[in-house]
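Trainee: So for the sequence shown, our numbering puts the first residue at 1; every next one is plus one.
Quick one: structure below, then a few questions.
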Amino acid sequence: MDKRSCAGCTLCCSLLSVAELDKPPMVRCTNCAASGCRIYAQRPTECRQFYCGYLLKEQLDQRWKPSRCKLIVVFDEHPYYVAIHVDPAFPDAWRKEPFYSHICRWARTAARRHAQVIVWQGDSKIIVSGEQHPPLPAGTSPCTDESW
């Protein structure tokens, strides 16, 4: 796997909550600067232990870097549970390709294992089922590609 890093990306600092800092989701962390975390060496345990899907999964290529795709993919410690946090400035980012096809495949796999794929758009929780998919923007095709 190629060496990946957070360089140039701070989306998790804005979209995710950090209990140790009393930072709610959807609020930019006060320790976040354009160059990254100001307290990186002393960052909270929660931040130290967080790795987005882009950093963990070789299958997610450069297009999946959160700063580029406007999505944070989180694979829960429970198998086949996926959460996708969407940058509110780009609410339909998850419905664009190649992301939507992958999300649909994850949903089908999750459904077979009685798990879920959840898309978070701010406070809105969208459960992507393995059979039905949320409506797509005009001009977008439904996902039909079964390959990974």
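Don't be surprised by glycine CBs; every beta carbon is placed ideally from N, CA and C.
Hey, could you find the ends of the alpha helix (DSSP H) residue 102 is sitting in?
Mentor: Position 102 of the sequence shown, counted from the first residue, corresponds to residue 102. Its alpha helix (DSSP H) spans residues 99-112.
Trainee: Relative to the C-alpha of residue 129, which candidate in 81, 121 and 86 has its C-alpha closest?
Mentor: Here the question's residue 129 lines up with position 129 in the sequence shown. Among 81, 121 and 86, the Cα nearest to that of residue 129 belongs to 81.
Trainee: Is DSSP giving residue 14 helix, strand or coil here?
Mentor: Here residue 14 refers to the residue found at position 14 of the sequence shown. It is helical.
Trainee: Can you tell me where the beta strand (DSSP E) with residue 71 in it begins and where it stops?
Mentor: Here residue 71 is taken as the residue at index 71 of the sequence shown, counted from 1. Where residue 71 is concerned, the enclosing beta strand (DSSP E) stretches over 71-75.
Trainee: Quick one: what does DSSP say residue 33 is sitting in, helix, strand or coil?
Mentor: What you label residue 33 is simply residue 33 of the sequence shown in a count that begins at 1. Strand.
Trainee: Is the CB-CB distance between residue 99 and residue 107 below 8 Å?
Mentor: Within the sequence shown, the letter at position 99 stands for residue 99. Within the sequence shown, the letter at position 107 stands for residue 107. Contact: no.
Trainee: Tell me the residue span of the beta strand (DSSP E) that contains residue 121.
Mentor: To locate residue 121, count along the sequence shown from 1; it is residue 121. Start and end: 117-121.
Trainee: Provide the residue(s) that pair with residue 83 in DSSP beta bridges, ordered along the chain.
Mentor: Taking the sequence shown and counting its residues from 1, one reaches residue 83 at position 83. In DSSP, residue 83 forms a bridge with 74 and 118.
Trainee: Straight-line CA distance for residue 61 to residue 21?
Mentor: Taking the first residue of the sequence shown as position 1, residue 61 is located at position 61. Taking the first residue of the sequence shown as position 1, residue 21 is located at position 21. Taking the straight line from one Cα to the other gives about 31 Å.
Trainee: Can you give me the Cβ contacts of residue 144 inside the same chain, cut-off strictly under 7 Å, excluding the 5 residues immediately before and after it?
Mentor: What you label residue 144 is simply residue 144 of the sequence shown in a count that begins at 1. Its pLDDT being 42, under 50, residue 144 is placed unreliably in this model, and the value from its coordinates should be taken loosely. No residues qualify anywhere along the chain.
Trainee: Quick check on the burial criterion: 16 or more other C-beta atoms within 10 angstroms. Buried or exposed for residue 87?
Mentor: Your numbering for residue 87 matches position 87 in the sequence shown. Buried.
Trainee: DSSP three-state call for residue 67: helix, strand or coil?
Mentor: Working through the sequence shown from its first residue, we reach residue 67 at position 67. Residue state, collapsed to three classes: helix.
Trainee: If you compare alpha carbons, which of 127, 4 and 91 is closest to residue 59?
Mentor: Working through the sequence shown from its first residue, we reach residue 59 at position 59. Ranking the options by Cα distance to residue 59, first place goes to 4.
Trainee: Any idea which residues DSSP pairs residue 127 with across the strands?
Mentor: Start at 1 with the first residue of the sequence shown, and residue 127 comes out as number 127. Answer is 118.
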